[in-house]
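A.B. asks:
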Amino acid sequence: GIGGIFGRLQRGVGLVMYGNNDSNSTFNFIVNMDPNIDLIGRLDQVANYYSSLRFFDFENAVYYSAKKFDTTQTVFTGVTYFYDNSSTVGNALYATRTNRNITIESRKYEYSYDSGTEQWLRTTYTKTTSRTEVSLYGRKYTRYGYDNATYQNYQTEIVSRSAAPTHDSSGWSLLSGSTIAVGSIYEYKYETDLPLYNQVWDVDSTKVLGTSTTTAVPNGYYLFGTSIPVPIITEEASDPQGEYVYSSTFEMQTDTILQQYIYYAENGNLSPTFIDARPNGMYVLSTSSGSTFGSVLPANMKFDQLLPLAPGENGELPAFDTDYSAGTRILPSEDPTYGILLSNYEELFQTMYSDKSALLDDTETTLYLDEIDGSNTKLLNPTVVDPTEVAPLGVITFNLNLNTLEFDVNGLSTVDYEIFDAMLPKDAVLARTIEDYYGLTYGSNITAYVSDFRLLLADYANPLIDPLDKPDLSPVFSYTFDLNNLTTGIITIGYFTSYSQVSQNFTSFLNDNYVTDYQVRLNVSYNPSSTLPYLYSYQIDGTSVYTTIVSNITVESVDSSLTFNFRDPAFILPVGTNILDLGTDNQDNITLEYFDPNTSSYIMVDYMDYTRASTLITTATNHPFSFTIGVNTSLKAGLYRLGFKLLPYQETRDYYTFTKGSSTLRTILEVEHYSSGIVVPSGTTINSYVNFGYEFDWSSTTVTEVPIVGAKVYQKTADYYTLPFLTSIRIADFSTITNVVINETTYQANGFRIYHVSYTITAESGASTTYVHNIYERAISIKDVYRNNNKVVMDSTHPVIITREAFSTAVSINYGIDPLFAPDIYNLVSDNPESYFSISPSSVSGITYSVTDTYLVFTIDSSADAGDYQFVIGYYRTGETVISLGTVYITKSQGQNAYLSDIQFSELATETNYALINESDTAGVIVTSLYNPTIYYAGIDYDGADIGGVTNFRVDGQVSNIPIDEYIPYFLNYLPLGATIAKEGTGGIYTAEVTGPEDPNVYLLAADFTASEETENDDIIITYRVTSESGLNMVYYHITVTDVTYNVSFIFDVIYVGNALQPDLNGAVIVINVRNMSTNLPVGDSLVTIFPAFTQINSYNNSTNLLYMVDNLDYKFRFGRNKSGYFSFNVSVLDPDGYEYDYTIELNGTDLLADINSYDLDSNDQGKYYYINSSTKNRTRYFTITIFDAKVPDRDYGFVDKDKSW
């Protein structure tokens, strides 16, 4: 449900909701001011609502609603019904039902919006219609909640009325002069929010009765009356429907308890948000005491306190425990949202100003009169009679005994009093009455002066105006007493007014409703023979009390406190008087002075250097009061005197002398030395700590005093003391250091030093105490570990990891040694054999030790083997036990890299071209790749292939004039650290792993790069596998090698065609001669089908012979590789029988080779001519030699024996 106060009241299952305004519940002044909504939206109510009544009891609750026909449910409001069980027809209580015709006026509101004034305008319309209504007569019962029903006889109640005209029906008449502004767009955003929007109600006072018919109701019938209506209120005095809510007699204005939370404010003091919409004023919410103090929500908030706290000078945020109420805040101009928020906040204000003026209830506890000069009297604790409606003038009465006044020789004494510390409502101000300011008798007609005075009052109350520039509105009450014509008893000395905040700002509010006048009176008494206040006793150090009063107190010295007790049996001084401020506003009535023997004079002791306390004058017997001074230990022993006055006008003080005893304090308050901080001893043994390695200056035990600048004569002169080894030692006031002894140094169990010093402290009284000071050298340990300047965690389970591939890694250990002298501590034995870091083991291959000013450094280079290393660290100082400083844990991990850093095919890079490298498959076949690796002068650039995880590479190398049938590429020096390499053999079996060029198995890597070519373009691929030291990573290099110069191979098949003379050549030697020639034509690099036709042989580059003993086995004759170009092939048969033979040579068994001398006609070369173009590829050519036509040679002339053995 939707309700003006409660959307829904929900009770517990089977339970009663109780709000009967008794000792058990409160449901008081629940007021629904929304005329469009019911008081309560919904309650639990069954169809038989009478059954539900017993679960709700709000019989004595006080509530109202502004809705004309509030339909809050019956179970909440209660119900009436008629019933009579009389058996006599015609009995006066017998119920009857009457139907009556009536005419009655109905009303409605129509709204429009005036954009010029930004106001909603309301016009009232009326319509009179003929209607019927039903009434019951008889015994009427009323029931609330679960209480029993009560009844009254002879009651008539209208229980229903026929429907009123609808809001949009025709026939409505404008009510003349009814159009008024009812509120701004800010109060009512939508038309539907406006009061009684779209509602119609009847004006009962206009009802005219017509004809009727009455019937008797059968005996024993219950007749429903009505739900008891919610009391209706209205905000318009002329509204005939409902009680005027702003009437001075309405209980919301007369109930004093209610006004602690809500009270009526006149229209003129409403805020701009409400002043137009509430022409009759309105009720405003206040604080719990708002009616008294005038603090109206939400204006009582300190909105500027919502600003954030200002940051510190360096921009730091405020501490979390900052006092938010007292902290400094940023300026409003620094917060871009502050202005908007402030404007929105001010729109919530209900009133412009506080409208309360009466002094608050407890004002008599704070209010006092203070005399301006004169006798310096101060009158306290008045009696206050608050103003009432019958007696609107408040009365304030102070007691004054004339014995407190100083009279002149003529017996006259004039007092001028100002009034202070009145407890005022919020922003009210206390000032002169208008009559007083304009010199009129109190009570005169001030109408002509109000307007001008209000302007003065506004300036007087304005806190932004300099007090010197304000009008003089402070009330002063004057009176002259004459001992020759003395008046005692009640005397009026003047009047003042408390002006509310609203009266300061609006002349129309400067009236008795918003200001309160007070009469100020004195209750004067005088007895010239009265006993004046006097010193009754004194008490020393809170123990012994002495009543024999002497001006020189010598019975005992004062060590801590001195109390003076006084009596005022004749009530001379006002109750509540504080002797500390008797006759003064500065609490300087009591004085303490020290006698300086150097100048033989008394010196005033500053109030900050001793304590004062007092008890106020009370109404107890003899009106006792007292004060106590505390002579603390910061005051020097010696002679002092106390001075005070017992009457406010006394010009000279009464003095009493006493001796302050010597202090027995002999404590060391604090000590400080290098790196200790301030150490506060808790006993006679002092323990402090110094940074490791700091060397104290033990050269002297002479104490040096550091004086207090500007020390007072009654205070100590030494602030603290120093020694060569102490920054400061602070001791009890007036004590001294009488002896210092430096004792033998000892050692802690872990080897760190303990220095021992003793001090003897002597008190002002002469007593002494010896203190022992133990200074412990702070232990050091590994604080930070850095690997190449990057901080790492190190312990036995987390060693510093060094990668195998790292060329050099620095592990730096910081022991947290004081940087001021760390360079003197970080030493190795070679730096300072008397003080150094010891490291075990003292040397490790590939690892060196060094120090900087702040680190112990281990440098691990690439030659250090993989493995775990532990270094035990100590610190050695001559003549002392080596201090254990823990263990450094380093692990050099096994190599993960299996990528060659370079590969070469000649010892000198200038001998060949750089090899080509590409990504390949596992067979060495080049594949399309994302990477473009390159071999250049600095090694292999993998172009990210190594990072990308490529593990197969094809490498094509070249040599020049180097045998490659037992060849190893130059890669052993470029293996990753710890990695090995192996060659793939037959069946995919790899050789033993080779670790480097010194490995005895290096020969296993040799390969024949010339064997097994199948075609001219086939490459001999030898696969090598590189395995990382960890064994986890493997990279395969599929390598080819070609000789860029000697890359031609010749294979010869020999065929013999026998004849009768020589059927076979068994036992004969065949000689094949191959010669490479230079001719008059160059060697080209293009493949040719017709050999170049040279005409001249210039020279022979090389000549190779193959000798073969013929047998019956098949054999292919192959020459070693030769250069490209022009060749001459010669064949000779060394036959034991001396026969000669003819022969032919055919390329591939088909193409017959021509004779050399058919090209060079002058050549004696009888060989066959062959040509092959230049190339970097290995090439093999196949030839068939056919030998035939054995015959007997012709005999030469002379001795010939070429065919015989020598």
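Heads up, the sequence shown is in my numbering, so the first residue is 416 and it goes up one at a time.
The C-beta atom is built at its ideal place from N, Cα and C for all residues, glycine as well.
Small disclaimer: the values here were computed from a predicted structure and weren't measured.
#1: Going by C-alpha distance, which of N1328, D1336 and D1361 is nearest Y1351?
#2: Checking 7 Å against the spacing of the C-beta atoms, do P655 and V632 come in under that value?
#3: Output needed for T1116: all residues of its chain with C-beta closer than 6 Å, excluding positions within five of it in sequence on either side, in chain order.
#4: Can you tell which of N1448, L1447, T1442 and P1384 has its C-alpha closest to the C-alpha of V1417?
#5: In whole angstroms, what is the alpha-carbon distance linking T1460 and T1559?
#6: From the DSSP output, in three-state form, read off E658 for me.
#7: Beta carbon of W1113, beta carbon of I1169: below 7 Å?
#8: For P1238, report the span of its alpha helix (DSSP H) as first-last.
#9: Rounding to the nearest angstrom, what Cα-Cα distance links T1627 and I1362 in this structure?
#10: Output yes or no for whether 7 Å exceeds the beta carbon distance between F764 and L784.
#11: Could you tell me the distance, in whole angstroms, from the CA atom of I1101 to the CA atom of T1036?
#12: Near A1281, what residues of its chain come up, given a Cβ to Cβ distance below 8 Å and the 5 sequence neighbours on each side ignored?
#13: Could you pull the start and end residues of the alpha helix (DSSP H) that D851 belongs to?
#14: Does N1579 pass the burial test, meaning 16 or more other C-beta atoms within 10 Å, or should it be called exposed?
#15: I'd like the ranges of any beta strand (DSSP E) spanning at least 3 consecutive residues and lying wholly in the stretch 1392 to 1464.
#16: Spatial neighbours of T547 within its chain, please: C-beta separation below 8 Å, excluding the five flanking residues on both sides.
#17: With DSSP collapsed to three states, give me the class of I420.
#18: For W1621, does the three-state DSSP call read helix, strand or coil?
#19: State the DSSP-derived secondary structure class of Y1304, mapped to helix, strand or coil.
#20: Between V1548 and N1520, is the Cβ-Cβ spacing less than 7 Å?
#21: Alpha carbon to alpha carbon, how far is N899 from T962?
#22: Which same chain residues end up closer than 7 Å to G683 when comparing Cβ atoms and leaving out the 5 residues on each side of it in sequence?
#23: Just curious, the alpha helix (DSSP H) that N404 is in, first and last residue?
#24: Can we say the stretch 1004 to 1017 touches the stretch 1052 to 1067, given the rule of at least three CB pairs closer than 8 Å?
#25: Output the distance between the C-alpha atoms of L947 and K1131, rounded to the nearest integer angstrom.
#26: Can you name the residues that DSSP bridges to K542?
#27: Could you tell me whether the Cβ atoms of S1589 and S1539 are closer together than 7 Å?
#28: In chain order, what residues of the same chain have a beta carbon less than 6 Å from the beta carbon of L590, not counting five sequence neighbours either side?
#29: Taking all protein chains shown into account, do 16 or more other C-beta atoms lie within 10 angstroms of the C-beta of L424, making it buried, or fewer, making it exposed?
#30: Tell me the residue span of the beta strand (DSSP E) that contains T1026.
#31: With DSSP as the reference, label I994 as helix, strand or coil.
#32: Report back the beta-carbon spacing between L1568 and F1603 to the nearest angstrom; my notes put them in contact at under 8 Å.
#33: Where N967 and H1038 are concerned, what is the direct C-alpha to C-alpha distance, given to the nearest angstrom?
#34: Starting from the N-terminal side, write out each stretch of the beta strand (DSSP E) that is 3 residues or longer and does not extend beyond the stretch 762 to 834.
#35: Smallest Cα separation from T1151: which of I445, Y1135 and T1142?
#36: Applying the criterion that 16 or more other CB atoms from any shown protein chain within 10 Å of the CB defines a buried residue, is T1395 buried or exposed?
C.D. replies: The relevant details are as follows:
#1: Nearest to Y1351 by C-alpha distance, out of N1328, D1336 and D1361, is N1328.
#2: Going by C-beta atoms, P655 is not nearer than 7 Å to V632.
#3: Only residues of its own chain outside the window of five on either side were considered, and among them V1155 have a CB closer than 6 Å to the CB of T1116, listed in chain order.
#4: By alpha-carbon distance to V1417, the top candidate from N1448, L1447, T1442 and P1384 is P1384.
#5: Approximately 29 Å, taken between the alpha carbons.
#6: Of the three classes helix, strand and coil, the one that applies to E658 here is strand, per DSSP.
#7: In this structure, I1169 does not lie closer than 7 Å to W1113 by Cβ.
#8: First-last of the alpha helix (DSSP H) with P1238: A1237 to I1240.
#9: Since the first residue of the chain shown is 416 and the last is 1621, residue 1627 is not available in this structure.
#10: The Cβ atoms of F764 and L784 do not sit closer than 7 Å to each other.
#11: Taken atom to atom, the span from the alpha-carbon of I1101 to that of T1036 is near 55 Å.
#12: So the list reads R1219, K1307, S1308, Q1309, G1310, G1393 and E1444, once near-sequence residues are dropped.
#13: It spans I849 to Y852 - the alpha helix (DSSP H) in which D851 sits, taken as one unbroken run.
#14: With fewer than 16 other Cβ atoms from the protein chains shown falling within 10 Å of its own Cβ, N1579 counts as exposed.
#15: As far as the stretch 1392 to 1464 is concerned, its whole beta strand (DSSP E) runs of at least 3 residues are 1395 to 1398, 1437 to 1442 and 1449 to 1458.
#16: So the qualifying residues of the chain are N514, R515, N516, I517, R576 and S577.
#17: Correct three-state label for I420: coil.
#18: Because W1621 carries a pLDDT of 42, less than 50, the predicted location of this residue cannot be relied on, and the following value inherits that uncertainty. Coil, per DSSP.
#19: In this structure, Y1304 counts as strand in the three-state DSSP scheme.
#20: No, Cβ-Cβ distance for V1548 and N1520 is not below 7 Å.
#21: If you take the alpha carbons of N899 and T962, they lie about 39 Å apart.
#22: These residues qualify, in order along the chain: F921, S923 and F924.
#23: Because the chain is modelled from 416 through 1621, residue 404 falls outside the range shown and cannot be assessed.
#24: Verdict: yes, contact present.
#25: If you take the alpha carbons of L947 and K1131, they lie about 41 Å apart.
#26: According to DSSP, K542 shares a beta bridge with S521.
#27: Yes. Within cutoff.
#28: Scanning its chain for C-beta atoms nearer than 6 Å, with the 5 sequence neighbours on each side dropped, one finds around L590 the residues T539 and T541, in chain order.
#29: With 16 or more Cβ atoms within 10 Å of its Cβ, L424 is classed as buried.
#30: Residues T1026 to T1030.
#31: Three-state result, I994: helix.
#32: At roughly 16 Å, the Cβ-Cβ gap does not stay under 8 Å, so L1568 and F1603 are not in contact.
#33: Rounded to the nearest angstrom, the two C-alpha atoms are 26 Å apart.
#34: If one requires a minimum length of 3 residues, the beta strand (DSSP E) runs lying completely within the stretch 762 to 834 are 783 to 786, 798 to 800 and 809 to 816, in chain order.
#35: For the residues I445, Y1135 and T1142, the minimum Cα distance to T1151 belongs to Y1135.
#36: That one is buried.
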